[in-house]
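The sequence shown maps to residues 1 to 271 in this note's numbering. Worksheet: one structure, shown below.
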Amino acid sequence: MDGAATLGFACRQESTVLADLYQQAPLRILMPAAADIGVALGALVVTSGGLVGGDNLDIAVRCGNGSRAMVCAQAAEKVYRSAGPDCHVTVSLEAGGNAWLEWLPQETILFEGARLRRQTTVDAVPSARVLAGEILVFGRRARGERFTRGHLFDRWQVRRAGRLAWADALRLDDPETAFASPACLAGLAAVATLIYVDATEGAALDVARAIAEPLSTAGLEFAATVVGGVLIARWLAADAHVLRLAFGRFWAMFRHRIAGLPPVLPRLWSI
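Next comes the structure, spelled out in structure tokens:
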């Protein structure tokens, strides 16, 4: 199964409008009304209900000069057990001059035996701002399942003005060993990453830490730093639901504090 989606936004008379749209099953893009979040909204849907070995998804989102938009996943992404082949997901995010782009995920749930290779690339001009993230859940814990077999290679690259500013990768070839080790994932159920690309990243770090502190709770770890001009925040938790709540609340408050946007997320993110 090979799916593709391209979504482009442009600024016309001080309003953000749809400028480009392409979709190939099982990917589909919906454009729900979203006046409450303060920016244009695109909802990404995987109509197959999940990914299996050998599947390929190619997603590209472009915000033109002056446009402001959010692309949100319609539901959690399930990666099922593979008989051998990897599934591949490629995400490309581009932001032009004075653009605001949000890439808001829902959880990627790795079933036992899943094999996923994902590449997320952010390319922003100096005056653009990009807020993007991901949530990984290791196994269906409500069923007593853990991600002990399979493969994960999840890589990020951020470029500013065409130059590499930050890169990161998580690779698990032997998940059982990684989760058993106190120096690695130590039995945790979920991990989330949020990045923010902006010319004033120093102020963003102070804002991020101030927001995260009241959201702290037992079993949830948070840290934030700036590398190469990119703010990186991460959460680790033994309970995926606790992590999701903290991640969502942080995102809503951060977009409000840093960009003056309403402190809310799309209603579909909470369904």
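Even for Gly, the Cβ is constructed at its ideal location relative to N, Cα and C.
- In this structure Arg68 is in contact with Ala40, their Cβ atoms being roughly 7 Å apart against a cut-off of 8 Å.
- According to the DSSP secondary-structure assignment, Glu102 is paired through a beta bridge with Met70 and Leu131.
- Secondary-structure assignment with DSSP links Trp156 through a beta bridge to Thr120 and Asp168.
- In this structure, Ala60 keeps its C-beta atom at 9 Å or more from the C-beta atom of Leu110.
- Of the residues Ala208, Phe222, Pro126 and Leu116, the one whose Cα lies closest to the Cα of Ala199 is Pro126.
- Taking the Cα positions, Thr148 is about 10 Å away from Asp173.
- Rounded to the nearest whole angstrom, the C-alpha separation of Leu18 and Leu30 is 11 Å.
- Between Gln119 and Arg146, the C-beta spacing is not below 9 Å.
- Note that the C-beta distance between Trp269 and Gly133 is not below 9 Å.
- Just so you know, the alpha carbons of Cys72 and Ala233 end up roughly 19 Å apart.
- Relative to Leu170, the option among Pro182, Gln157 and Asp36 whose CA is nearest is Gln157.
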